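A.B. asks: Input: one structure, supplied below.
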Amino acid sequence: MPISETFHGLALEEDAEPIRVEVIDQNPPNSENEKSAAQLPARFVPARENQTQQPQPQQQQQGQNTSQALKTYSHDITINEFEEDDDLRKKGRIGDRMVEMGLISKDQLNVALQEKKITGKMLGEVMVDLGFIDEETLSAFIAQSSGVELFDPQNTIFDGEVLGLITKEEAAKHKVLPVSMSEHHIKVAMADPYDIVAMDMLRRFIPKGLTVKPMVCTPKILSEAIDAAYGYASSVNAILQELEEGKEQKDVASLDESEAFSHPIVRLVNALVFEAVKIGASDLHFEPEENFIRLRYRKDGVLFTAQILHKQHWSGISQRIKIMSGMNIADKLGAQDGRFGMHVGGREADFRVSSLPTVHGENIVLRVLDQSESIMPMEKLGFSNHNRNLIRWAQSKPEGIIIVTGPTGSGKTTSLYSMLNEINDVEVNIQTLEDPVEYSLPMIRQTHVREGVLEFADGIKALLRQDPDIIFIGEIRDGETAGMALKAAMTGHQVYTTLHTNDSFGAIPRLFDLGLKPGMVAGAIVAVFAQRLTRRLCPVCKEAYQPDAQECHILGADPANMPTIYRARQGGCDSCSGSGYKGRTAVVEILTFDEEMDELLARGANKAELKAMAVKKGFKSMKDDGILKILEGVTSLEALAKVVDVRR
């Protein structure tokens, strides 16, 4: 059932009519006090009831963005009706709520109300002017009280196409700022998310069928964001042209938050990141050469050059990326790792950042982790019915280890998340150890492993005291971790983990190399599956052809009776951006262990003996799975050959 709450004056107008808003919260706090107090910045101590504080100069914003400290509630809202009831009006008074939450004292509220009558400003603005609270806290309070998402312009990259829906004049007049647009809704930052006039204006300009999803912030922050979003070029080419004009710019490292909006280097980095996320790139490579910087994006597993940048801009660009990801900007000789998150075109994206010194300067790579992407079911990842049945068989076992193998970037974590998502239920306790946690999964307890703080082996010991049913270990890297994983599997737990081997059979000798004995491994392993990602043919422009004799041999087909197969069209089409391919699919092999296979393991059988027995039992290799996808028109022989040895 929706939780109906009444709030009064979301723009902090004390005399405004209250509006009844239905806020649908799947996990509501246990009480009003819990909802209020738990979400405010810890640095604010409740004011004493009888303490009088004189107005002070306007405070500077402090610490980290409150949006990171708060758990904000993001909801689609529906304005049902105006409410005239005096009791509801009294219940929803913003000033009283701020006193109840300890943000201000009653004396401060009285002073602010008197000042409001004199100036005609909104109550929240008055309290900021008087120094009773700062902008950051006011924004957080409005978001928490109204039950809508907090708008943080410092961690938002604007979409020029969405900004173009309304003019800057309309945005400034109604205190609204279009942020992003998806298939079903448009996110709009607003000073007052229940401003009927502003909502009516938005409905005139936004595409029909879209729901307005408000985000909230203070008028001052919103005004600065509107000036920044509309006042400066946001496209890559326009910003590069601006940089070419040679106007002297302030050093990136010395910028404050308000200056960062306008600085061309900051806008350039934002634009490059936005472009990468928009096209679905998985990585951004900033590669310094002797006289220029090459920027390459990786899309569908293939790198391509996106921009060539002047070397003179590299110092500012690299500094900006380091600042965003929490790296040391002064260290240019050591390897560093960092991470940051951004709201990019309606999607929440995390970026893992790595810098490495080279002969021409620091090479920086950003890995894109799109948090807005839902975990896809196995069939959409490319798992055949045969392989899905094998996985379900393995998951039906009450205990044992399921291992996924493959090189970095082969989709191991994505597949494991999909497997865990299928068995995720309120009746089981799933806990993970990851380095790092790539995607947040509901109801699953995810722990980030940190070198020198919490290692995999110690983490497993701790997890076993957390009453888990299922454990996911991000990677087995050493003998101690392997031994602890085996112990967990032998004490009644399902264990999921990864290894770096070329195929499923390589996992067994790898475990032996880590110090595990054949007798220990036998009976503990349920299944090992290896996978690669191959490019999908564009369904719009793929072209049919008849394979030659050599290709028929690879496919195991009779040239006289060969079905039609497909390849990428040279030059592609608009749908695939000229590449001939669109997306990727998994090619998989799954090695399962029954009593006969366990007996071979216990005797210390080698890889060849294990493979012979598996083939006898119907084992299908990655090559077999790839050929099936070629015959189905999903991928091409050329694409498959780049990730799997098709000549074996």
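For what it's worth, the numbering used here labels the leading residue of the sequence shown as -5, then goes sequentially.
Ideal Cβ placement from N, Cα and C applies to all residues, glycine included.
Because the structure is a prediction, the values reported are computed rather than measured.
Relative to the C-alpha of tyrosine 575, which residue among Ile259, His354, Val534 and Gly598 is closest?
C.D. replies: As a first step, residue 575 is located in the sequence shown; it is residue number 581 there, counting from the start. Among Ile259, His354, Val534 and Gly598, the Cα nearest to that of tyrosine 575 is on Val534.
A.B. asks: Would you be able to state if there are at least three C-beta pairs under 8 Å between the region 310 to 322 and the region 293 to 300?
C.D. replies: Because the criterion of three Cβ pairs below 8 Å is not met, the region 293 to 300 and the region 310 to 322 do not touch.
A.B. asks: Rounded to whole angstroms, what is the Cα-Cα separation between methionine 209 and alanine 183?
C.D. replies: If you number the sequence shown from 1, residue 209 lands on position 215. If you number the sequence shown from 1, residue 183 lands on position 189. Rounded to the nearest angstrom, the two C-alpha atoms are 4 Å apart.
A.B. asks: Out of Leu375, Phe523, Ser348 and Lys272, state which residue places its alpha-carbon closest to the alpha-carbon of isoleucine 643.
C.D. replies: Here the chain has residues from -5 to 642 only, and residue 643 is not among them.
A.B. asks: Buried or exposed: leucine 171, going by 16 or more other Cβ atoms within 10 Å of its Cβ?
C.D. replies: As a working note, residue 171 is residue 177 in the sequence shown. Buried.
A.B. asks: Where does lysine 214 sit, in a helix, a strand or coil, going by DSSP?
C.D. replies: Working through the sequence shown from its first residue, we reach residue 214 at position 220. If DSSP states are grouped into helix, strand and coil, lysine 214 belongs with the helices.
A.B. asks: Measuring CA to CA, which of Leu97, Asp325, Ile454 and Ala518 is closest to glycine 596?
C.D. replies: The residue given as residue 596 occupies position 602 in the sequence shown. Here residue 596 turns out to be alanine, not glycine, going by the sequence shown. With distances taken between Cα atoms, alanine 596 lies closest to Ala518.
A.B. asks: At a cut-off of 7 Å, is tyrosine 433 close to the ligand MG when judged by its beta-carbon and the heavy atoms of the ligand?
C.D. replies: Ligands displayed in this structure: none; no statement on the ligand MG is therefore possible.
A.B. asks: Within a Cβ cutoff of 8 Å, which residues of the same chain sit near isoleucine 417, ignoring the five residues on either side of it in sequence?
C.D. replies: For the purposes of this step, residue 417 is taken as residue 423 along the sequence shown, with counting starting at 1. Same-chain partners within the cutoff: Gln389, Ile424 and Ile464.
A.B. asks: Just to confirm the assignment, what range does the alpha helix (DSSP H) spanning serine 378 have?
C.D. replies: By 1-based counting over the sequence shown, the position of residue 378 is 384. Per DSSP, serine 378 belongs to no alpha helix (DSSP H) and is neither H nor E.
A.B. asks: What does a CB cutoff of less than 8 Å around isoleucine 566 pick up in its chain, not counting 5 residues either side in sequence?
C.D. replies: The residue you call residue 566 lines up with position 572 of the sequence shown. Going by the sequence as given, residue 566 is glycine instead of isoleucine. Around glycine 566: Cys532, Cys535, Gly572, Ser573, Gly574 and Tyr575.
A.B. asks: Beta-carbon of valine 447 versus every beta-carbon of chain D: anything under 8 Å?
C.D. replies: The structure shown contains no chain D; it holds only a single protein chain.
A.B. asks: Between the alpha carbons of glutamine 365 and valine 640, how many angstroms are there, rounded?
C.D. replies: As a working note, residue 365 is residue 371 in the sequence shown. As a working note, residue 640 is residue 646 in the sequence shown. Rounded to whole angstroms, glutamine 365 to valine 640 spans 35 Å at the Cα level.
A.B. asks: Can you tell me which of the three DSSP states glycine 620 falls into?
C.D. replies: Along the sequence shown, one-based indexing puts residue 620 at 626. Here glycine 620 sits in helix by DSSP.
A.B. asks: In whole angstroms, what is the alpha-carbon distance linking arginine 444 and aspartate 146?
C.D. replies: Numbered from its first residue, the sequence shown carries residue 444 at position 450. Numbered from its first residue, the sequence shown carries residue 146 at position 152. Their Cα atoms are separated by approximately 28 Å.
A.B. asks: Report the CB separation of arginine 578 from aspartate 294 in whole angstroms; it is logged as a contact under 8 Å.
C.D. replies: Looking up residue 578 in the sequence shown gives position 584. Looking up residue 294 in the sequence shown gives position 300. That pair is a contact at about 5 Å.
A.B. asks: Which term fits leucine 327, buried or exposed, when burial requires 16 or more other beta carbons within 10 angstroms of its beta carbon?
C.D. replies: Taking the first residue of the sequence shown as position 1, residue 327 is located at position 333. It is exposed - the Cβ of leucine 327 has fewer than 16 other Cβ atoms within 10 Å.
A.B. asks: Do arginine 526 and valine 347 have their beta-carbon atoms positioned less than 8 Å apart in this structure?
C.D. replies: Locating residue 347 in the sequence shown gives position 353, where the first residue counts as 1. Locating residue 526 in the sequence shown gives position 532, where the first residue counts as 1. The answer is no: Cβ separation not under 8 Å.
A.B. asks: Look up methionine 514 in the DSSP assignment and give the residues it is bridged to.
C.D. replies: Within the sequence shown, the letter at position 520 stands for residue 514. BP columns for methionine 514 are empty, so no partner.
A.B. asks: Just to confirm the assignment: which complete alpha helix (DSSP H) runs, minimum length 4, are found wholly within the region 423 to 473?
C.D. replies: Listed in chain order, the complete alpha helix (DSSP H) runs (minimum 4 residues) inside the region 423 to 473 are 450 to 458.
A.B. asks: Do the region 369 to 387 and the region 471 to 479 make contact, defined as three or more Cβ pairs closer than 8 Å?
C.D. replies: Counting Cβ pairs under 8 Å, fewer than three are found: no touch.
A.B. asks: Buried or exposed, going by whether 16 or more other CB atoms sit within 10 Å of the CB of glutamine 544?
C.D. replies: As a first step, residue 544 is located in the sequence shown; it is residue number 550 there, counting from the start. Burial call: exposed.
A.B. asks: Got a sec, what are the start and stop residues for the alpha helix (DSSP H) lysine 406 sits in?
C.D. replies: For the purposes of this step, residue 406 is taken as residue 412 along the sequence shown, with counting starting at 1. Taken as a continuous stretch (DSSP letters only), the alpha helix (DSSP H) holding lysine 406 covers 406 to 417.
A.B. asks: Following the continuous alpha helix (DSSP H) through asparagine 104, name the residue where it begins and the one where it ends.
C.D. replies: Position 110 of the sequence shown holds residue 104. Asparagine 104 -> alpha helix (DSSP H) spans 100 to 113.
A.B. asks: Report yes or no: do the region 540 to 559 and the region 421 to 436 share at least 3 C-beta pairs separated by less than 8 Å?
C.D. replies: Output reads no: the region 421 to 436 does not touch the region 540 to 559.
A.B. asks: Where do the ends of the beta strand (DSSP E) carrying asparagine 357 lie?
C.D. replies: To locate residue 357, count along the sequence shown from 1; it is residue 363. Its beta strand (DSSP E) spans residues 355 to 364.
A.B. asks: Taking the beta carbon of isoleucine 112 as the centre, do at least 16 other beta carbons fall within 10 Å, making it buried, or is it exposed?
C.D. replies: Against the sequence shown, residue 112 aligns to sequence position 118. With fewer than 16 Cβ atoms within 10 Å of its Cβ, isoleucine 112 is classed as exposed.
A.B. asks: Once you ignore the five residues that flank leucine 625 on each side, which residues in its own chain have a CB closer than 7 Å to its CB?
C.D. replies: Sequence index remark: in the sequence shown, residue 625 carries index 631 (1-based). Contacts found: Pro557 and Ile559.
A.B. asks: Would phenylalanine 280 and valine 338 qualify as a contact pair, given that the criterion is a beta-carbon distance under 8 Å?
C.D. replies: Mapped onto the sequence shown, residue 280 falls at position 286. Mapped onto the sequence shown, residue 338 falls at position 344. No, the Cβ-Cβ distance between phenylalanine 280 and valine 338 is not below 8 Å.
A.B. asks: Are arginine 642 and lysine 605 touching if we call contact CB-CB under 8 Å?
C.D. replies: Locating residue 642 in the sequence shown gives position 648, where the first residue counts as 1. Locating residue 605 in the sequence shown gives position 611, where the first residue counts as 1. No, the pair does not count as a contact, with Cβ atoms beyond the cut-off.
A.B. asks: So the alpha helix (DSSP H) phenylalanine 506 belongs to, where does it begin and stop?
C.D. replies: The residue you call residue 506 lines up with position 512 of the sequence shown. Segment 501 to 507, the alpha helix (DSSP H) holding phenylalanine 506.
A.B. asks: Whole angstroms is fine: what's the gap from phenylalanine 345's alpha carbon to leucine 360's?
C.D. replies: Here residue 345 is taken as the residue at index 351 of the sequence shown, counted from 1. Here residue 360 is taken as the residue at index 366 of the sequence shown, counted from 1. Those two C-alpha atoms are separated by around 6 Å.
A.B. asks: Kindly list the residues whose CB is nearer than 7 Å to the CB of valine 628, restricted to its own chain and excluding five residues on each side of it in sequence; keep chain order.
C.D. replies: Counting from one through the sequence shown, the residue named residue 628 turns up at place 634. Arg530, Leu531 and Thr579.
A.B. asks: Compare the beta carbon distance of alanine 521 and phenylalanine 450 with 8 Å and say whether it is the shorter of the two.
C.D. replies: Mapped onto the sequence shown, residue 521 falls at position 527. Mapped onto the sequence shown, residue 450 falls at position 456. Against a cut-off of 8 Å, the Cβ pair of phenylalanine 450 and alanine 521 comes out as no contact.
A.B. asks: Compute the Euclidean distance between the alpha carbons of valine 206 and alanine 232, then round it to the nearest angstrom.
C.D. replies: To locate residue 206, count along the sequence shown from 1; it is residue 212. To locate residue 232, count along the sequence shown from 1; it is residue 238. Their backbone Cα atoms lie some 30 Å apart in a straight line.
A.B. asks: Residues in its own chain within less than 7 Å of threonine 407 by CB, not counting five upstream and five downstream?
C.D. replies: Here residue 407 is taken as the residue at index 413 of the sequence shown, counted from 1. Cβ neighbours of threonine 407 beyond the five flanking positions: Glu432.
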